[in-house]
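Colleague:
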Amino acid sequence: MLAQYKKGMDTKHKILQVSKKLFVDNGYVKTSCKMICEEADVNLGLIHYHYKSKKNIASIIYAYFLVEVKELVKRYMTEELHNYELKYATALEHWIFYGLLLGDNRYKIFYYEICKENLLVDENTKILEYFYKLHVNTYNLNISANEIKLIRVSGAALNMGLIQKYVENYFDMTIDELSEYKIRNMYRLLKLKEDEIDDIVEVSNNIYNKINIKLLDYFELSLDVNLT
1 MLAQYKKGMD TKHKILQVSK KLFVDNGYVK TSCKMICEEA DVNLGLIHYH
51 YKSKKNIASI IYAYFLVEVK ELVKRYMTEE LHNYELKYAT ALEHWIFYGL
101 LLGDNRYKIF YYEICKENLL VDENTKILEY FYKLHVNTYN LNISANEIKL
151 IRVSGAALNM GLIQKYVENY FDMTIDELSE YKIRNMYRLL KLKEDEIDDI
201 VEVSNNIYNK INIKLLDYFE LSLDVNLT
């Protein structure tokens, strides 16, 4: 029984890893379930068994990547800066996230295509509600549980719209300018004052400019630090 369970988990992991590779190399749209199965050497039915659909695989990869960036930022701020502050960390995550996914054409195509599919509001990205709730609890914000859901959905809708129009060259702005706009609007949704938001943007951007985070092959992260 244990061996069978391990084999199932190994297969599930293999499907996810192969999907990451194919999504980056070919984009989300051009990658089919058949391609994933052939590359992973598994039966087509196993995708439905473990993930239900290609959409679920993509949104899980996106959600996992969010968490990995968050964990990397927390580790860096705790170990290198010896000062982890949630509001600055979350803004830093946004600088990094946009910089990485929009700064590499392969990842940009994947990000653009899942935004067009509205995957950022599906069940697998519900973890964003928890991220917003962290701010509410940490800073005693006067925001109800239902408002948190509204913020999560409206924030995701804004994000998807911004990404689509940025990639389509509708905006005349840099990735960092887009990131700042997203950060400011996120904290406005959380009802922070403009002077507080100014501080968050300035502090988080200063930290961002001192680190060098790279996306290696297939959503692997690498971090170099410039403390000077």
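UniProt numbering applies: residue 1 is where the sequence shown begins, and numbers increase by one.
For every residue, glycine included, the Cβ atom is placed at its ideal position computed from N, Cα and C.
A quick note: this is a predicted structure, and the numbers were derived from the prediction, not measured.
Quick check for students: name the residue ranges of the alpha helix (DSSP H) that lie wholly in the segment 24-68, counting only runs of 4 or more.
Modeller: 33-40 and 44-51
Colleague: Specify the secondary structure class of L215 as computed by DSSP and reduced to three states.
Modeller: Annotated three-state conformation of L215 is strand, per DSSP.
Colleague: Please list, in chain order, all residues of the same chain as residue 233 whose beta carbon is under 6 Å from its beta carbon, the five residues on each side excluded.
Modeller: For residue 233 there is no data in the structure shown, the boundaries of the chain being 1 and 228.
Colleague: Would you check if the distance between the CB atom of V201 and the CB atom of I183 is smaller than 8 Å?
Modeller: Yes, the Cβ-Cβ distance between V201 and I183 is below 8 Å.
Colleague: Could you give the distance in angstroms between the alpha-carbon of I61 and the alpha-carbon of L119?
Modeller: 11 Å
Colleague: Between which residues of its own chain and V73 is the CB-CB distance below 8 Å, once the five residues before and five after are set aside?
Modeller: A89, L92, E93 and I96, listed in sequence order.
Colleague: Output the distance between the C-alpha atoms of I114 and T31, rounded to the nearest integer angstrom.
Modeller: About 12 Å.
Colleague: To the nearest angstrom, how far is the alpha carbon of N146 from that of V153?
Modeller: 11 Å
Colleague: Report the partner residues of D224 according to the DSSP bridge assignment.
Modeller: N212
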